[in-house]
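Notes follow once the structure below has been shown.
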Amino acid sequence: MKIMQPVNLRSVDLNLLVVLQVLLEERHVTQTANRLHMTQPAVSHALNRLRELFADPLLVRSGSRMLPTSRALGLIREIDEILAGVSALLSSTPFDPATVSAAVRLCATDGAIAAILARPIAAIAARAPNIQFSLSSNVERAYGHLEEGRIDLAFDVPRDGLHAAFRTLLLFRSELVCVTRRGLWAGAASRRTVDRYMSASHLEIVGGINSHINQALLSHGLRRDIAISVPSYLVAAELVTHGDMVLTLPVALANHAARLFPLEIHALPLDLPPVPFSMIWHRSSEAVAAQNWVRDQLADAVARHEGDAA
């Protein structure tokens, strides 16, 4: 049996863990050096010290990049937790939302912002007046922007096979429904069949939700006739109001649209899985108290709102 030798903590430089954390994210010595404002030889020297400390290569060369060993992959979450704990320990003052100054950059579709996030964000802004929020809707690039530190938090349908550096929290699942202008399907309740739905002219919103809908339909061997594709939920609702098209939406967005436009909501004539709505962030933000607080507040507010709407 292998006996673990005690480690002299006085010989361990905490900065080495910071270097290792970034190395495991970048998997490239030069890029790590740029992020940490270090020289490349200094990062290489730190990596050699880390290899001695953990008695493992940690990262091995593969082409122009480096791949983590299984030992290194097992360290990712532990290092994140240690550094987040140290950051909290060294915080000079307790977190107070009424006085803290911070910037929080969010990314979600315009539909998610309008129907789900607007009220919670407004409530948080009232409690924390010195937190500056900025919102963008380019969810197609959200994961890259999270990794690059351009945004702090994204809301979308979660993707499969995410890198371990990403964190996700499922907030709720929303059933899919059809939205039409008032009177389009009047008196046709008994004829709302799969054939009627599939023969209709459809409008789609480009993005994660639409991909979820298309994949669900393909699992039934079905494909919609798309007349118009738009990037905006509000534009889609406006077009449906004035045309003979069908818009398929999560009920959370459909209810909001029906409050703003003269629209009718209809049950889908086939069984499709509900749309998952998740909050996504990068682990590097977990050491920032304001980010943690905003995430908790948004998660609680969205859960309460969807619970009341259910």
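With this note's numbering applied, the sequence shown covers 364 to 673. Beta carbons are placed, not taken as given, at the ideal position from N, Cα and C, and that holds for glycine.
Only exposed fits Val423, as fewer than 16 other CB atoms lie within 10 angstroms of its CB. Pairing Leu534 with Val638 gives a Cβ-Cβ distance that is not under 8 Å.
In the structure shown, Ala409 falls within a helical segment according to DSSP collapsed to helix, strand and coil. Per DSSP, His605 lies in no alpha helix (DSSP H) and is assigned neither H nor E. Burial is judged here by how many other beta carbons sit within 10 angstroms of a residue's own beta carbon; Gln578 has fewer than 16 and is exposed. Under the three-state reduction of DSSP output, Asp473 falls in the helix class. If you look at Met429, you'll find it in the beta strand (DSSP E) that goes 428-431.
Using a 10 angstroms sphere on the CB of Asp523, the tally of other CB atoms stays under 16, which defines it as exposed.
If you compare the alpha carbons of Leu377, Pro613, His391 with that of Leu446, the shortest gap goes to Leu377. A residue is called buried when at least 16 other Cβ atoms come within 10 angstroms of its Cβ; Leu452 does not meet this threshold and is exposed. Excluding residues up to 5 positions away in sequence, Leu566, Glu567, Ile568, Val569, Ala599, Leu602 lie with their Cβ nearer than 8 Å to the Cβ of Val593 in the same chain. Within a 10 Å sphere around the beta-carbon of Gln495 sit fewer than 16 other beta-carbons, which makes this residue exposed. In the structure shown, the three-state DSSP call for Met642 is strand. By the Cβ test, the segment 625-635 is not in contact with the segment 644-658, since fewer than three Cβ pairs between them sit closer than 8 Å.
Rounded to the nearest angstrom, the Cβ distance from Ala617 to Val540 is 5 Å, consistent with a contact under 8 Å. Between the alpha carbons of Leu516 and Asp459 lies a distance of about 21 Å. In the structure shown, Phe535 falls within a strand segment according to DSSP collapsed to helix, strand and coil.
The DSSP-derived three-state label of Arg545 is coil. As the crow flies, the alpha-carbon of Thr543 is around 10 Å from that of Phe624.
Per the C-alpha coordinates, the member of Asp607, Met608, Arg622 positioned closest to Val614 is Arg622.
When rounded, the separation of the alpha-carbon atoms in Ala465 and Leu633 is 46 Å. Inter-residue distance for Ile591 and Met608 is about 9 Å (C-alpha atoms, whole angstroms).
Counting along the chain, Ala630 sits inside no alpha helix (DSSP H); it lies in the beta strand (DSSP E) bounded by residues 626-630. If you look at Ile576, you'll find it in the alpha helix (DSSP H) that goes 571-581.
Residue nearest to Val651 within the set Gly512, Leu610, Tyr596 is Gly512 (criterion: CA-CA distance).
A distance of 8 Å or more separates the beta carbons of Thr472 and Ile643. Of the candidates Ser497, Arg586, Glu538, Arg586 places its Cα closest to the Cα of Arg559.
One thing to note: His645 has its Cβ within 8 Å of the Cβ of Glu510.
Sequence-distant partners of Pro483 (beyond 5 residues in either direction) whose C-beta falls short of 8 Å from its own C-beta, in its chain, are Gln660, Leu661, Ala664, Val665, His668. Less than 8 Å separates the beta-carbon of Ala478 from that of His619.
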